[in-house]
Amino acid sequence: MKTDIEIAQEAELVHIREVAKKLDITEDELDFYGKYKAKFSDELWDKVKDKKDGKLILVTAINPTPAGEGKTTTTVGLGEAFGRMNKKAVIALREPSLGPCFGIKGGAAGGGYAQVVPMEDLNLHFTGDFHAITSANNLLAAMMDNHIQQGNELEIDPNQIVWKRCVDMNDRVLRNIVVGLGRKVDGIVREDHFIITVASEIMAILCLAENMKDLKERLGKIIVAYSYTGEPITAKQLNAVGAMGALLKDAIKPNLIQTLEHTPAIVHGGPFANIAHGCNSVRATKTALKLADYVVTEAGFGADLGAEKFMDIKCRMAGLKPDAVVLVATVRALKYNGGVPKIELGTENLEALKKGIVNLEKHIENVQKFGVPCVVTLNRFVTDSDAELAFVKEFCEARNCDFALSEVWEKGSEGGIALAEKVISTLENKESHFKPLYDSSLSVKEKIETVAKEIYGASGVTYDAAADKAIARIEELGYGDMPVCMAKNQYSLSDDPAKLGRPENFTIHIREAYVSAGAGFVVAITGTVMTMPGLPKKPAAFGIDVNDDGVITGLF
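For the sequence shown, the working numbering assigns the number 167 to the initial residue and increments by one for each residue that follows.
Here is the structure:
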């Protein structure tokens with residue numbers, strides 16, 4: 167089998183204008199970035215905004231394991247399968263971050279014969295959206311520090327600065343730094359911090375904003391610091407909104423590319439799901455719903471993170487209603503949850519499968535709590551035995567979940583027909599009664615504890631003194647009615663990544679809490695999760711290269 171990048175580089179792409187035609191988009195409604203990438207013009211939304219919405223299908227997964235699940239691959243393959251069945255379909259994805267691309271996870275373009283292309287462009291600089299977000303974030307930081315240096319009219323307390331700089335790279339040494347060293351003209355000496363770009367509030371704002379007016383209003387609400395008297399200081403007070411908006415003028419426009427089979431793919435925004443809200447932009451999703459009969463989108467990591475935030479944050483804010491959820495798993499990953507080492511996952515082991523399938527069981531229950539019909543799909547591997555596949559199928563159907571095998575990695579759209587047919591059947595025969603998990607009128611702690619107990623299965627929640635104090639302040643300032651965005655490791659339902667399967671009798675520990683006033687949610691940081699990841703001992707960057715002809719190798 168060829169590598170993902172080899173398959174992608176051998177693909178015959180069509181001009182993006184031909185892809186756009188499948189969605190009845192004209193050249194005048196596109197801003198071209200070469201032959202194979204384009205952004206939607208503002209005029210496109212005005213043309214389609216009154217059309218009837220298509221069906222919204224969310225693809226999510228069990229907790230990720232080293233065995234691999236293939237959520238993006240399934241999303242792409244399902245969209246391709248709809249196309250093969252002559253359905254008007256579009257895929258809506260997030261943009262990949264450079265951090266995991268050069269780190270341990272690799273890119274996020276799908277895999278095998280279910281990929282979006284051009285794969286190298288998407289995984290690297292793409293259309294510059296992340297660079298624009300990084301620049302806007304750091305402009306605000308620079309303007310804040312300059313304000314302090316130039317007399318500090320707003321009386322910003324340097325010990326209560328909460329706005330952090332960002333870079334789209336895994337760079338652990340930037341987590342905690344000291345700035346302002348040197349002469350008096352170099353600024354005041356203070357502790358500062360970096361986060362990865364995908365954790366920036368500006369990324370969240372871009373992905374939740376309806377238009378430029380909404381974007382600028384949200385930017386203005388960003389809290390950068392507190393004054394000596396404890397009053398919040400905002401980006402609007404620093405007069406930074408106009409310049410930030412100018413940097414984001416093009417970044418707010420959704421991007422259009424294609425799959426290996428020329429299915430349209432809208433790729434826009436990219437907040438991480440373990441430390442941010444994990445969904446592509448509202449603007450991209452709403453536009454997709456007006457352009458196609460079937461919209462296949464995804465949310466990051468497992469259903470405990472991405473799907474919960476998709477439902478409780480994105481859908482709540484944007485008025486979206488998912489019609490079905492596709493829950494992705496593999497026999498290998500379920501056996502890994504049952505205690506089988508990675509090197510032994512190719513051997514039939516029904517006992518381990520029975521032990522590990524409780525992780526899938528919990529995610530099924532979680533999806534059903536939102537009132538949305540669920541289809542479970544297994545990415546099939548050649549090592550999966552018939553007995554193992556039959557066991558998972560029976561397990562799912564016993565829990566009122568439709569089930570289908572997926573072979574899109576190996577066969578592209580052909581390998582996704584069974585899944586597409588099952589999804590269509592579910593859409594036609596089961597009605598979605600979507601509702602968020604909790605009411606926004608609950609206190610911040612009640613929301614945190616609802617997610618922890620209902621979604622993670624925790625027995626309780628504990629809080630550091632600093633988190634307790636922060637939550638009290640958030641509510642005093644009038645932000646208590648916002649949804650919560652839980653920052654938690656992706657590998658376990660608990661806040662301990664070593665606890666696989668379906669852990670019980672554990673508590674969730676809240677280390678820190680802060681309000682993202684512009685995005686419109688409260689962030690609760692659990693356990694040891696970091697907003698600036700680090701590189702592994704052998705980062706993926708070791709294997710990435712470019713030859714004398716400019717051909718990139720090693721991306722995956």
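Ideal placement from N, C-alpha and C gives every residue a C-beta, glycine not left out.
All values reported here derive from a predicted model rather than from experimental measurement.
| Query | Result |
| --- | --- |
| Starting from Leu519, follow the alpha helix (DSSP H) in both directions and report where the run begins and ends. | Leu516 to Gly522 |
| Taking a contact to mean a Cβ-Cβ separation below 7 Å, would you say Pro262 touches Asn289 in this structure? | yes |
| Please state the DSSP three-state secondary structure of Gln737. | No statement about residue 737 is possible, as the shown extent of the chain runs from 167 to 722 and does not include it. |
| Looking at the structure shown, is Gly220 part of a helix, part of a strand, or coil, going by DSSP? | coil |
| Could you say which of Val497, Lys528 and Gln281 lies nearest to Ala469 if we only look at CA atoms? | Lys528 |
| Closest to His599 by CA distance: which of Ile423, Asp489, Leu224 and Ala307 is it? | Asp489 |
| Going by beta carbon distance, what residues of the same chain come within less than 8 Å of Pro699, once the five residues before and after it are set aside? | Gly265, Pro266, Gly269, Asn336, Arg338 and Ile362 |
| Between Asp459 and Lys187, is the Cβ-Cβ spacing less than 7 Å? | no |
| Under 8 Å by Cβ, that's how I've got Tyr199 and Thr293 pegged, so tell me the actual separation to the nearest angstrom. | 5 Å |
| Under three-state DSSP, which class holds Thr300? | helix |
| Quickly, what does DSSP pair Leu259 with across the bridge? List them, please. | Val433 |
| How far does the alpha helix (DSSP H) with Glu357 in it reach, from first residue to last? | Where Glu357 is concerned, there is no enclosing alpha helix (DSSP H), although the beta strand (DSSP E) it sits in stretches over Arg356 to Asp358. |
| Give a yes or no on contact between the region 309 to 319 and the region 271 to 289, applying the rule of three or more CB pairs nearer than 8 Å. | no |
| Verify whether the separation of the beta carbon atoms of Val355 and Gly346 is less than 7 Å. | yes |
| If you measure between the beta carbons of Ile441 and Ala370, is that distance less than 7 Å? | no |
| Looking only at its own chain, which residues have a Cβ that is under 8 Å from the Cβ of Arg384, when we skip the five neighbours before and after it? | Ile371, Leu374, Ala375, Gly684, Ala685 and Gly686 |
| Between which two residues does the alpha helix (DSSP H) containing Pro266 stretch? | Leu264 to Phe268 |
| Taking Lys559 as the reference, which of Gly444, Val548, Thr543 and Thr549 has the closest Cα? | Thr543 |
| Let me know the alpha helix (DSSP H) ranges lying completely inside the region 552 to 593, each 4 residues or longer, listed in chain order. | 552 to 563 and 574 to 577 |
| Alpha carbon to alpha carbon, how far is Ala308 from Gly353? Give it in angstroms, no decimals. | 11 Å |
| Leaving out the 5 sequence neighbours to the left and right, which residues in its chain are closer than 6 Å to Ser551 when beta-carbon positions are compared? | Glu514 |
| Apart from the five residues on each side of it in sequence, which residues of its chain come closer than 7 Å, Cβ to Cβ, to Thr650? | Checking the displayed sequence, the identity of residue 650 turns out to be Val instead of Thr. So the list reads Val610, Lys613, Ile614, Val617, Phe687, Val688 and Ala690, once near-sequence residues are dropped. |
| Residues in the same chain with beta-carbon distance under 8 Å from Gly553, minus the five sequence neighbours each way, listed in chain order, please. | The question names Gly, but residue 553 is Ala in the sequence shown. Closer than 8 Å at Cβ, skipping near neighbours: Glu514 and Leu516. |
| If I follow the unbroken beta strand (DSSP E) through Tyr629, where does it start and stop? | Gly626 to Tyr629 |
| What's the gap between the Cα of Ala412 and the Cα of Glu357? | 29 Å |
| With distances taken from CA atoms, which of Glu678, Gly277, Asp416 and Asp194 is nearest Ala302? | Asp416 |
| Measuring alpha carbon to alpha carbon, tell me which residue in Arg349, Leu224, Val461 and Phe561 is nearest Val524. | Phe561 |
| For the alpha helix (DSSP H) that Phe248 lies in, which residues bound it at each end? | Lys237 to Arg250 |
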